[in-house]
Amino acid sequence: MSIRDDLYVPFARPDTGEDEVAAVREVILGGWLTTSQRCREFEQAFAERVGARHAVALNSCTAALHLALEAVGVERGDLVVTTAYTFAATAEVIRYFDAVPVLVDVDPDTFNLDPVALEDVVGRLAAGDRSALPPAVRDRVEAKTPRAVIPVHIAGAACQLDRIYKLAAASGMAVVEDAAHAFPAAYRSRPIGSITDPNVASAVCFSFYATKTITTGEGGMLVTDSPEIAARARQMSLHGLTHDAWGRYGKNAAWRYDIDGPGFKYNMTDIAAAIGLVQLDRAEAMTDRRRAIASRYNEAFADVPGLETPLVPDDVCPSWHLYMLRVSPSPNGTCRDHFVDQLVRRGVGTSVHFIPLHLHSYYQRTLGYAPDDLPHATAEFEREISLPIYSAMTDDEVDHVCDAVLDVATRFAA
Ligand SMILES: *Cc1c(COP(=O)(O)O)cnc(C)c1O
0 MSIRDDLYVP FARPDTGEDE VAAVREVILG GWLTTSQRCR EFEQAFAERV GARHAVALNS
60 CTAALHLALE AVGVERGDLV VTTAYTFAAT AEVIRYFDAV PVLVDVDPDT FNLDPVALED
120 VVGRLAAGDR SALPPAVRDR VEAKTPRAVI PVHIAGAACQ LDRIYKLAAA SGMAVVEDAA
180 HAFPAAYRSR PIGSITDPNV ASAVCFSFYA TKTITTGEGG MLVTDSPEIA ARARQMSLHG
240 LTHDAWGRYG KNAAWRYDID GPGFKYNMTD IAAAIGLVQL DRAEAMTDRR RAIASRYNEA
300 FADVPGLETP LVPDDVCPSW HLYMLRVSPS PNGTCRDHFV DQLVRRGVGT SVHFIPLHLH
360 SYYQRTLGYA PDDLPHATAE FEREISLPIY SAMTDDEVDH VCDAVLDVAT RFAA
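Throughout the sequence shown, residue numbering follows numbering that gives the first Met the number 0, covering 0 to 413 in sequence.
Shown next as structure tokens:
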């Protein structure tokens with residue numbers, strides 16, 4: 000097979016253009032740059048799109064996760080359960096409270112939090128079994144029901160939310176969904192962002208980082224059906240003040256405000272929200288394009304020895320933020336790293352999602368996990384490789400990725 004040598008396909012490229020420029024220009028010339036009307040419009044449009052009652056526009060998904068944990072009452076010494084297989088943001092926000100992350104292994108088929116392992120760990124913690132705690136804290140932290148669980152919808156393919164919410168309702172945990180990859184996505188025909196349980200405090204956090212499915216450069220959104228969680232997150236996003244800046248400086252300005260708590264500076268700007276509104280309008284078309292690319296990859300790589308295409312359960316409709324391919328170690332002992340290297344040589348940028356948290360020095364030092372404590376996360380990470388999948392990819396670029404992967408896989412297996 001001959002591989003084109005005049006193409007380099009980067010791993011990610013944002014899909015933004017003149018419409019976004021025009022929207023930003025209007026805001027800049029309008030004389031009000033930060034949180035105001037555009038943010039309100041973006042919040043309303045986004046809440047409607049994902050089927051949530053309330054939305055709070057923020058400057059990142061990390062901020063949304065932090066505020067969500069604050070709003071559901073996470074405090075120092077609490078336990079918060081999450082998956083080992085995620086990005087830094089998911090667990091660092093737990094540490095912001097000096098709370099203790101308890102890492103759970105993944106379902107090797109989907110890379111998502113394994114609900115059986117989750118039920119087991121939560122049950123043991125609730126029963127006071129310290130062996131369910133991270134190894135390094137067993138002698139000084141009490142085993143108790145975790146305050147919250149943070150499921151992460153990896154690649155925008157939903158976790159088994161019905162089971163997670165059921166467990167949360169039964170045990171009194173809050174649910175904070177890390178939906179950084181999951182707009183727009185659905186679980187059992189319900190959009191991610193719309194799933195709630197009347198007996199569970201919950202919020203869902205989305206990311207508009209430059210490489211995510213829709214972008215505002217940097218940005219995030221917290222959605223919830225709870226008016227209390229929404230109000231608390233909004234207030235704490237702006238220093239804990241009882242009025243936002245619009246309330247303080249707008250036409251009906253009241254100069255008086257109260258500081259209700261030591262808040263943060265997490266509000267979104269109107270410049271970002273203007274970009275977000277345009278991206279939201281284009282989200283369906285961009286998702287269709289990613290879906291088409293995923294189908295093309297699935298077809299091209301099906302039945303190729305050494306390659307495993309992503310496994311998507313029947314009741315999950317992913318956003319296809321990532322295309323997580325798996326490669327088997329080859330008979331001659333070469334591995335995923337070699338595969339990555341060979342793809343770069345053929346002009347294809349890739350990434351690896353993710354280096355699981357328990358393999359990073361900070362979490363090894365503070366929580367004491369060893370690679371074998373979360374064996375599926377460790378094993379699947381070793382063979383994962385994320386291919387380019389974004390709406391701005393041309394057909395030529397998609398073809399080029401297919402050719403390059405097939406070429407490497409063929410030589411790899413030899
Ligand atoms: C990108 C990402 C985040 C953080 O999003 P930001 O908007 O950059 O703060 C959180 N969790 C996961 C899984 C992510 O991939």
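Just so you know, even glycine gets a beta-carbon here, dropped at the ideal spot from N, CA and C. Quantities reported herein were computed from a predicted structural model and do not represent experimental measurements.
#1: Would the stretch 302 to 319 and the stretch 362 to 378 be scored as touching if the rule is three or more Cβ pairs under 8 angstroms?
#2: Using beta-carbon positions only, say whether Ala63 and Met285 come within less than 9 angstroms of one another.
#3: Count the other CB atoms within 10 Å of the CB of Gln234; is the residue buried (16 or more) or exposed (fewer)?
#4: Please go through the same chain and pick out, in chain order, the residues whose beta-carbon is closer than 6 angstroms to the beta-carbon of Cys401, but skip the five residues on each side of it.
#5: Under a three-way DSSP split, which group does Met285 fall into?
#6: Across which residues does DSSP place Asp177 in a beta bridge pair?
#7: Identify the continuous alpha helix (DSSP H) that holds Thr61 and give its terminal residues.
#8: Give me the DSSP bridge partner(s) of Glu383.
#9: Buried or exposed for Gly30, going by 16 or more other Cβ atoms inside 10 Å?
#10: Within its chain, find whatever has a CB closer than 6 angstroms to the CB of Ala202; leave out the 5 residues flanking it on each side and keep chain order.
#11: How about the stretch 82 to 99 and the stretch 140 to 154: do they share at least three Cβ pairs that are nearer than 8 angstroms?
#12: Would you kindly report the start and end of the unbroken alpha helix (DSSP H) that includes Glu358?
#13: For the alpha helix (DSSP H) holding Ala167, just list the boundary residues, first then last.
#14: Do Leu373 and Val73 have their C-beta atoms within less than 9 angstroms of each other?
#15: Decide if Ala301 is buried, meaning its Cβ has at least 16 other Cβ atoms within 10 Å, or exposed.
#16: Taking the runs of the alpha helix (DSSP H) that are 4 residues or longer, which of them lie wholly in the stretch 10 to 65?
#17: Which residues in the same chain have their Cβ closer than 8 angstroms to the Cβ of Cys97, if we skip the five residues on either side of it in sequence?
#18: Quick check on the burial criterion: 16 or more other C-beta atoms within 10 angstroms. Buried or exposed for Trp319?
#19: Relative to the alpha-carbon of Phe263, which residue among Val55, Arg3, His65 and Glu42 has its alpha-carbon at the smallest distance?
#20: Report yes or no: do three or more beta-carbon pairs, one from the stretch 316 to 336 and one from the stretch 176 to 192, lie closer than 8 angstroms?
#21: Taking the straight line between their C-alpha atoms, what separation do you get for Arg281 and Asp14?
#22: Check each candidate in Pro226, Val49 and Tyr164 and name the one with the smallest Cα separation from Pro190.
#23: What's the C-alpha gap between Val407 and Val8?
#24: Give a single yes or no on whether Ala88 has its beta carbon closer than 8 angstroms to a heavy atom of ligand 1.
#25: Identify which residue in Ala147, Cys204 and Pro328 has its Cα closest to the Cα of Ala378.
#26: Roughly how many angstroms separate the alpha carbons of Gly171 and Ile194, rounded to a whole number?
#27: What beta strand (DSSP E) runs, 3 residues minimum, are completely inside the stretch 183 to 239?
#28: Any contact of the stretch 99 to 113 with the stretch 335 to 342, i.e. 3+ C-beta pairs under 8 angstroms?
#29: Say whether the stretch 382 to 397 touches the stretch 128 to 135, bearing in mind that this needs 3 or more beta-carbon pairs closer than 8 angstroms, one atom from each stretch.
#30: Answer with buried or exposed for Thr409, where buried requires no fewer than 16 other C-beta atoms within 10 angstroms of its C-beta.
#31: Compute the Euclidean distance between the alpha carbons of Phe411 and Tyr296, then round it to the nearest angstrom.
#32: Would you identify the three-state DSSP class for Val347, choosing helix, strand or coil?
#33: Going by the C-beta, is Val115 closer than 8 angstroms to any heavy atom of ligand 1?
#34: Tell me whether Ala273 is buried or exposed, calling it buried when 16 or more other Cβ atoms sit within 10 Å of its Cβ.
#35: Taking only heavy atoms of ligand 1 into account, decide whether any of them is closer than 8 angstroms to the Cβ of His180.
#36: Is the separation between the beta-carbon of Gly218 and that of Ala168 shorter than 9 angstroms?
Judging by the given coordinates:
#1: no
#2: Taking the first residue of the sequence shown as position 1, residue 63 is located at position 64. Taking the first residue of the sequence shown as position 1, residue 285 is located at position 286. Against a cut-off of 9 angstroms, the Cβ pair of Met285 and Ala63 comes out as no contact.
#3: The residue given as residue 234 occupies position 235 in the sequence shown. Looking at its Cβ environment, which holds 16 or more other Cβ atoms inside 10 Å, Gln234 is buried.
#4: One-based indexing of the sequence shown puts residue 401 at position 402. So the list reads Ala299, once near-sequence residues are dropped.
#5: Against the sequence shown, residue 285 aligns to sequence position 286. Met285: helix per DSSP, three-state reduction.
#6: Within the sequence shown, residue 177 is the residue found at index 178, counting from 1. Asp177 pairs with Val151 and Cys204.
#7: Taking the first residue of the sequence shown as position 1, residue 61 is located at position 62. In this chain, the alpha helix (DSSP H) harbouring Thr61 covers Cys60 to Ala70.
#8: For the purposes of this step, residue 383 is taken as the residue at position 384 of the sequence shown. In DSSP, Glu383 forms a bridge with Arg325.
#9: Walking along the sequence shown from the start, residue 30 turns up at place 31. With fewer than 16 Cβ atoms within 10 Å of its Cβ, Gly30 is classed as exposed.
#10: Counted from its first residue, the sequence shown places residue 202 at position 203. Cβ neighbours of Ala202 beyond the five flanking positions: Ala67, Val175, Leu221, Thr223 and Ile228.
#11: When Cβ pairs closer than 8 angstroms are counted between the two stretches, the stretch 82 to 99 is seen to touch the stretch 140 to 154, the count reaching three or more.
#12: Counting from 1 along the sequence shown, the entry for residue 358 is found at position 359. Residue identity check: residue 358 is Leu in the sequence provided, not Glu. It is not in any alpha helix (DSSP H) - Leu358 carries neither H nor E in the DSSP assignment.
#13: As a working note, residue 167 is residue 168 in the sequence shown. Residues Leu160 to Ser170.
#14: Your numbering for residue 373 matches position 374 in the sequence shown. Your numbering for residue 73 matches position 74 in the sequence shown. Going by C-beta atoms, Leu373 is not nearer than 9 angstroms to Val73.
#15: As a first step, residue 301 must be located in the sequence shown, where it is residue number 302. So Ala301 counts as exposed.
#16: 17 to 29 and 36 to 49
#17: For the purposes of this step, residue 97 is identified with residue 98 of the sequence shown, where counting begins at 1. Reading the sequence as shown, one finds Asp at residue 97 and not Cys. Answer for Asp97: Arg75 and Gly76, listed in chain order.
#18: In the sequence shown, residue 319 corresponds to position 320, counting from 1. With 16 or more other Cβ atoms within 10 Å, it is buried.
#19: Here the question's residue 263 lines up with position 264 in the sequence shown. The residue with the shortest Cα to Cα distance from Phe263 is His65.
#20: With the cut-off at 8 angstroms, the stretch 316 to 336 and the stretch 176 to 192 touch.
#21: Numbered from 1 along the sequence shown, position 282 holds the residue referred to as residue 281. Numbered from 1 along the sequence shown, position 15 holds the residue referred to as residue 14. Cα-Cα distance, rounded: 10 angstroms.
#22: For the purposes of this step, residue 190 is taken as the residue at position 191 of the sequence shown. Check the Cα spacing between Pro190 and each of Pro226, Val49 and Tyr164: the tightest is with Val49.
#23: Here the question's residue 407 lines up with position 408 in the sequence shown. Here the question's residue 8 lines up with position 9 in the sequence shown. Rounded to the nearest angstrom, the two C-alpha atoms are 16 angstroms apart.
#24: Taking the sequence shown and counting its residues from 1, one reaches residue 88 at position 89. Correct: Ala88 has its Cβ closer than 8 angstroms to ligand 1.
#25: Along the sequence shown, read from residue 1 onward, the residue named residue 378 stands at position 379. Ranking the options by Cα distance to Ala378, first place goes to Pro328.
#26: Locating residue 171 in the sequence shown gives position 172, where the first residue counts as 1. Locating residue 194 in the sequence shown gives position 195, where the first residue counts as 1. Each residue's Cα considered, the two are about 17 angstroms apart.
#27: 201 to 206 and 219 to 223
#28: no
#29: no
#30: Residue 409 sits at position 410 when you count from the first residue of the sequence shown. Around the CB of Thr409, fewer than 16 other CB atoms lie within 10 Å, so the residue is classed as exposed.
#31: By one-based count along the sequence shown, residue 411 stands at place 412. By one-based count along the sequence shown, residue 296 stands at place 297. Going from the Cα of Phe411 to the Cα of Tyr296 covers about 18 angstroms.
#32: Within the sequence shown, numbered from 1, the residue matching residue 347 stands at position 348. In the structure shown, Val347 falls within a strand segment according to DSSP collapsed to helix, strand and coil.
#33: Here residue 115 refers to the residue found at position 116 of the sequence shown. Because no heavy atom of ligand 1 lies under 8 angstroms away, the Cβ of Val115 does not count as near it: no.
#34: Here the question's residue 273 lines up with position 274 in the sequence shown. Ala273 should be labelled buried.
#35: In the sequence shown, residue 180 corresponds to position 181, counting from 1. Within the cutoff, so yes.
#36: Locating residue 218 in the sequence shown gives position 219, counting from the first residue. Locating residue 168 in the sequence shown gives position 169, counting from the first residue. Against a cut-off of 9 angstroms, the Cβ pair of Ala168 and Gly218 comes out as no contact.
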